[in-house]
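Number of protein chains: 2
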Amino acid sequence: MSKHFDLIAKDKDTKARAGVVHTMHGDVETPIFMPVGTVGSVKTLSPQDLRDCGAQIILGNTYHLHLRPTEDVVAHFGGLGKFNSWNAPTLTDSGGFQVFSLADMRKINEDGVAFRSHLDGSKLYLSPEKSIEIQTKLGASIMMCFDECVANPSDYSYVAESVERTRRWAERCKTAKVDNGQLLFGIIQGGVYHDLRKRSAEQIQEIGFDGYAIGGLSVGEPNQIMYEVTDSVTEHMPEDQPRYLMGVGTPEDLITAIGLGVDMFDCVMPTRNARNALLFTSRGKVHIKRAEYTLSDDPIDPECDCYTCKNFSRGYLRHLYKSGELLALRLNSLHNIHFYLSLVKNARNAIRESNYKEYQREFFEKIKII
Amino acid sequence: MSKHFDLIAKDKDTKARAGVVHTMHGDVETPIFMPVGTVGSVKTLSPQDLRDCGAQIILGNTYHLHLRPTEDVVAHFGGLGKFNSWNAPTLTDSGGFQVFSLADMRKINEDGVAFRSHLDGSKLYLSPEKSIEIQTKLGASIMMCFDECVANPSDYSYVAESVERTRRWAERCKTAKVDNGQLLFGIIQGGVYHDLRKRSAEQIQEIGFDGYAIGGLSVGEPNQIMYEVTDSVTEHMPEDQPRYLMGVGTPEDLITAIGLGVDMFDCVMPTRNARNALLFTSRGKVHIKRAEYTLSDDPIDPECDCYTCKNFSRGYLRHLYKSGELLALRLNSLHNIHFYLSLVKNARNAIRESNYKEYQREFFEKIKII
Chain A
5 MSKHFDLIAK DKDTKARAGV VHTMHGDVET PIFMPVGTVG SVKTLSPQDL RDCGAQIILG
65 NTYHLHLRPT EDVVAHFGGL GKFNSWNAPT LTDSGGFQVF SLADMRKINE DGVAFRSHLD
125 GSKLYLSPEK SIEIQTKLGA SIMMCFDECV ANPSDYSYVA ESVERTRRWA ERCKTAKVDN
185 GQLLFGIIQG GVYHDLRKRS AEQIQEIGFD GYAIGGLSVG EPNQIMYEVT DSVTEHMPED
245 QPRYLMGVGT PEDLITAIGL GVDMFDCVMP TRNARNALLF TSRGKVHIKR AEYTLSDDPI
305 DPECDCYTCK NFSRGYLRHL YKSGELLALR LNSLHNIHFY LSLVKNARNA IRESNYKEYQ
365 REFFEKIKII
Chain B
5 MSKHFDLIAK DKDTKARAGV VHTMHGDVET PIFMPVGTVG SVKTLSPQDL RDCGAQIILG
65 NTYHLHLRPT EDVVAHFGGL GKFNSWNAPT LTDSGGFQVF SLADMRKINE DGVAFRSHLD
125 GSKLYLSPEK SIEIQTKLGA SIMMCFDECV ANPSDYSYVA ESVERTRRWA ERCKTAKVDN
185 GQLLFGIIQG GVYHDLRKRS AEQIQEIGFD GYAIGGLSVG EPNQIMYEVT DSVTEHMPED
245 QPRYLMGVGT PEDLITAIGL GVDMFDCVMP TRNARNALLF TSRGKVHIKR AEYTLSDDPI
305 DPECDCYTCK NFSRGYLRHL YKSGELLALR LNSLHNIHFY LSLVKNARNA IRESNYKEYQ
365 REFFEKIKII
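Quick mapping for you: the protein sequence lines, in order, are chains A and B. Quick note on the numbering used here: the first sequence kicks off at 5 and runs consecutively. Quick note on the numbering used here: the second sequence kicks off at 5 and runs consecutively.
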């Protein structure tokens with residue numbers, strides 16, 4: 005066991021595991037879902053809301069924070085978790101994903117990526133060293149290596165090249181990291197090619213990091229492919245380090261991937277969908293703006309004990325949404341985040357009781373009701 | 005003393021009073037500020053937020069609720085205070101003010117006002133009977149008489165006519181009201197003309213209501229005129245009934261008008277300004293989006309103990325606002341509402357100690373610092 009991760013339970017029938025990640029800002033029980041706080045705030049939610057939902061760690065986006073308010077401002081306030089008053093574990097991504105998905109006019113070479121800000125078009129540059137420099141100033145509990153995110157689909161030869169570049173960049177990230185208590189996770193690439201994933205997993209582990217992430221999935225490939233790749237990659241990941249499936253996913257994805265041995269997840273889906281009136285429940289999705297809910301006295305989810313479900317009817321929530329009230333966005337976000345965090349909390353409990361297969365079965369049975 | 009209002013203290017040096025309004029949904033200590041929840045929700049704030057700020061009663065707008073979700077939907081859920089889960093005293097206005105300020109193509113005659121919805125242009129009609137019918141279904145603790153809001157400035161003869169119409173409409177409102185435990189307040193009009201105000205006050209009292217409001221102020225007249233009219237109208241208002249100055253105002257207005265004998269206030273200013281980054285503090289206004297706050301570790305107001313001031317720096321709040329984060333609007337609103345409710349709470353305490361003049365003096369001295 006490494007000093008920053010304790011594996012405390014393994015399910016008997018699946019690859020599911022329960023553990024604890026120890027960070028300089030506190031412990032994180034796994035499996036865990038990490039709400040995304042792009043510019044430091046998980047949209048519409050306060051730190052108190054997040055704690056009430058059972059959040060243990062939140063994510064910040066390096067690309068966005070670099071643009072605004074800049075890493076120097078965040079550093080002035082003592083780092084991300086103090087700046088936003090979360091005062092608990094945080095994780096920053098490397099900025100790579102946003103450079104490849106948001107920025108304009110990007111040019112990649114061996115050293116790094118030149119691009120233009122999506123906000124004002126200004127010229128910017130990210131490299132492994134620059135990403136680590138920014139992330140060090142942002143001061144999150146966990147940093148991520150700067151990697152290349154290849155488009156999906158990409159052909160084998162390009163992905164193979166990219167795996168090599170990801171390895172070289174990972175080495176540079178490790179070299180650039182200072183010894184200040186922050187953890188640094190490596191990222192395994194390789195697209196949908198099992199042999200490249202295996203190669204990348206081995207290369208990244210050889211460099212040696214505090215945890216390992218699976219990058220480059222949930223980028224448009226079919227679910228079944230994502231599950232197959234995840235299943236095969238976790239075979240090549242060390243047991244005594246946390247495993248993070250980046251940018252995933254739906255409730256179904258989480259419950260499946262936990263069974264494949266994944267410990268950590270992040271996704272904008274619960275908050276973004278909430279702002280679009282799409283709510284997750286134990287019995288499937290609810291589109292809260294539908295007219296059928298106008299007179300509904302029911303909560304969003306009768307099994308949910310979040311503030312929204314304990315206090316508000318579908319009828320009132322529909323009215324708020326239809327009237328364009330900002331409170332709707334918050335109450336919806338609160339529910340969706342609570343739903344995701346309850347899923348992983350219940351998963352942890354099931355794994356500790358070595359009962360994860362039954363938990364999965366019940367989850368899929370119920371969610372198919374609607 | 006009437007059974008629904010207890011006057012519990014009178015200041016020795018000013019006309020300030022402290023009391024308690026007893027409603028079917030609970031007690032309200034006066035002087036009080038009522039946050040405005042136009043369509044049922046005080047924008048960005050949950051009922052828990054409002055309670056944490058010290059709110060005792062919130063206002064709903066009859067015009068807006070009539071359009072959306074309609075009074076029948078609100079009635080289905082058991083009335084406004086149950087629909088929005090506030091579960092405490094509420095007040096609805098008559099719809100008159102919005103008809104005169106928001107609606108299109110209005111035509112007023114002796115019976116009522118025909119107009120078109122500002123949302124979809126549909127033809128609508130409000131009269132004293134219709135307003136009371138809607139407000140009865142909305143089920144607020146306190147209803148308001150349907151009155152004519154004259155434009156400012158209006159000449160003496162038009163205002164004199166309007167005072168007579170307001171009297172006739174008030175009689176019809178009283179007749180239309182059913183005996184279901186809701187309180188009904190009369191509204192005194194008369195523009196800026198002291199003799200018309202006196203006449204209106206006498207006429208409305210003669211009909212007899214559960215409380216009396218001063219309408220038609222804070223509509224563009226100079227502050228000094230508003231204070232003079234308020235001072236003269238409270239001379240003609242009964243001591244044993246609550247007094248409500250509608251649509252007022254700034255912190256300075258509240259502190260002044262409390263000294264003139266007013267008990268209740270409502271205004272969108274704290275919430276609307278919050279959404280525009282303008283924050284109220286004991287030392288004057290703070291424009292939180294200013295660059296000077298980029299690195300500020302200070303809270304909005306060092307004397308404030310609201311959630312926002314206890315947890316967030318001006319620097320972080322500026323960042324949230326500049327980044328367009330919805331959390332900024334809520335944290336700002338929370339602070340401004342807390343500020344207003346602290347002002348009236350401290351005023352109540354000062355009046356109970358018969359020390360209101362000193363409280364006023366200190367308030368104005370401090371707020372002039374900036």
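A virtual CB, placed ideally from N, CA and C, is assigned to each residue, including glycine.
Check                                                                                                                                                               : Outcome
Just confirm the distance between the C-beta atoms of G220/B and C310/B, as a whole number of angstroms; I'd bet it's less than 8 Å.                                : In fact, because the Cβ distance is near 33 Å, the residues do not count as touching under 8 Å.
Can the beta-carbon of T285/A be found closer than 8 Å to that of D257/A?                                                                                           : no
Run through chain B and tell me which residues come within less than 9 Å of G44/A, C-beta to C-beta.                                                                : Y320, H323, L324, S327, E329
Any C-beta of chain A within less than 7 Å: which residues of the stretch 66-85 of chain B qualify?                                                                 : R72, P73, V77, H80, F81
Taking its Cβ as the centre, do 16 or more other Cβ atoms sit within 10 Å of A332/A, making it buried, or is it exposed?                                            : buried
For N353/A, I'd like the list of residues in its chain whose CB is within less than 7 Å of its CB, leaving aside the five on either flank, ordered along the chain. : none
Indicate whether at least one CB of chain B lies closer than 8 Å to the CB of M5/A.                                                                                 : In this predicted model, M5/A has a pLDDT of only 43, less than 50, meaning its place in the structure is not dependable; the value taken from the coordinates is given anyway. For M5/A, the answer is no, since every Cβ of chain B falls outside 8 Å of its Cβ.
Below 8 Å between beta carbons: does that hold for G194/B and V163/B?                                                                                               : yes
Run through the DSSP bridge pairs and tell me what K289/A is partnered with.                                                                                        : F284/A
Output yes if chain A places a C-beta closer than 8 Å to the C-beta of N315/B; else output no.                                                                      : yes
Measuring straight from C-alpha to C-alpha, what distance separates R55/A and P51/B?                                                                                : 18 Å
Using a Cβ-Cβ cutoff of less than 6 Å, which residues in the same chain neighbour R4/A once the five nearest sequence positions on both sides are dropped?          : Any question about residue 4/A goes unanswered here, given that chain A covers just 5 to 374.
Among the candidates G83/A, F213/A, N280/A, whose CA atom is the shortest distance from the CA of E329/A?                                                           : N280/A
If I measure Cβ to Cβ from V196/B and keep anything under 7 Å in the same chain, skipping five residues before and after, which residues do I get?                  : E225, I229, V233
Quick check on R276/B - is its C-beta less than 8 Å from some C-beta in chain A?                                                                                    : no
Using C-beta distances below 6 Å, list every residue in its chain close to P73/A, excluding the 5 sequence neighbours before and after it, in chain order.          : none
Taking CB distances under 8 Å as the criterion, tell me whether S121/B reaches chain A.                                                                             : no
Does DSSP classify K11/B as helix, strand or coil?                                                                                                                  : Note on residue identity: the sequence assigns Leu, not Lys, to residue 11/B. In this structure, L11/B counts as strand in the three-state DSSP scheme.
Taking all protein chains shown into account, decide if P132/B is buried (16 or more other Cβ within 10 angstroms of its Cβ) or exposed.                            : buried
What are the complete alpha helix (DSSP H) segments, minimum 4 residues, inside the stretch 134-190 of chain A?                                                     : 160-180
Tell me the rounded alpha-carbon separation between V167/B and L200/B.                                                                                              : 7 Å
Tell me, to the nearest whole angstrom, how far the beta carbon of G125/A is from that of D97/A; I am working on the premise that it is less than 8 Å.              : 22 Å between Cβ atoms; not a contact.
Residues of chain B with CB under 8 Å from T298/A, in chain order?                                                                                                  : P73, V77
Mind pulling the chain A residues with CB within less than 8 Å of R334/B?                                                                                           : T48, S50, L330, R334
Can you give the Cα-Cα distance for P246/A and Y129/A, rounded to whole angstroms?                                                                                  : 30 Å
So, is the C-beta of S89/A closer than 8 Å to a C-beta in chain B?                                                                                                  : yes
Touching or not, the stretch 73-86 of chain A and the stretch 131-145 of chain A, by the rule of three or more beta carbon pairs under 8 Å?                         : yes
Which residues share a DSSP beta bridge with V32/A?                                                                                                                 : V25/A
Spatial neighbours of G79/B within its chain, please: CB distance less than 8 Å, with the 5 preceding and 5 following residues excluded, ordered by chain position. : The residue you asked about is not Gly; residue 79/B is Ala in the sequence shown. Closer than 8 Å at Cβ, skipping near neighbours: K141, L142, G143.
Give the list of continuous alpha helix (DSSP H) stretches no shorter than 4 residues that lie fully inside the stretch 47-71 of chain A.                           : 51-57, 66-71
For T18/B, which residues of its own chain have a beta-carbon under 7 Å away from its beta-carbon, when the five flanking residues on both sides are left out?      : G263, Y360, K361
Is it the case that the Cβ atoms of P35/B and D267/B are separated by a distance below 8 Å?                                                                         : yes
Please tell me whether I374/B has its Cβ less than 8 Å away from any Cβ of chain A.                                                                                 : The predicted model places I374/B with a pLDDT of 45, which falls under 50 and marks its position as unreliable; any figure quoted below should be read in that light. No, no contact with chain A.
So, is R176/B buried or exposed, given that buried needs 16 or more other C-beta atoms within 10 angstroms?                                                         : buried
Flag this pair as yes or no: are the beta carbons of D159/B and L187/B separated by less than 8 Å?                                                                  : no
Is it true that the stretch 101-118 of chain A meets the stretch 59-71 of chain A, where meeting means three or more beta-carbon pairs spaced less than 8 Å apart?  : yes
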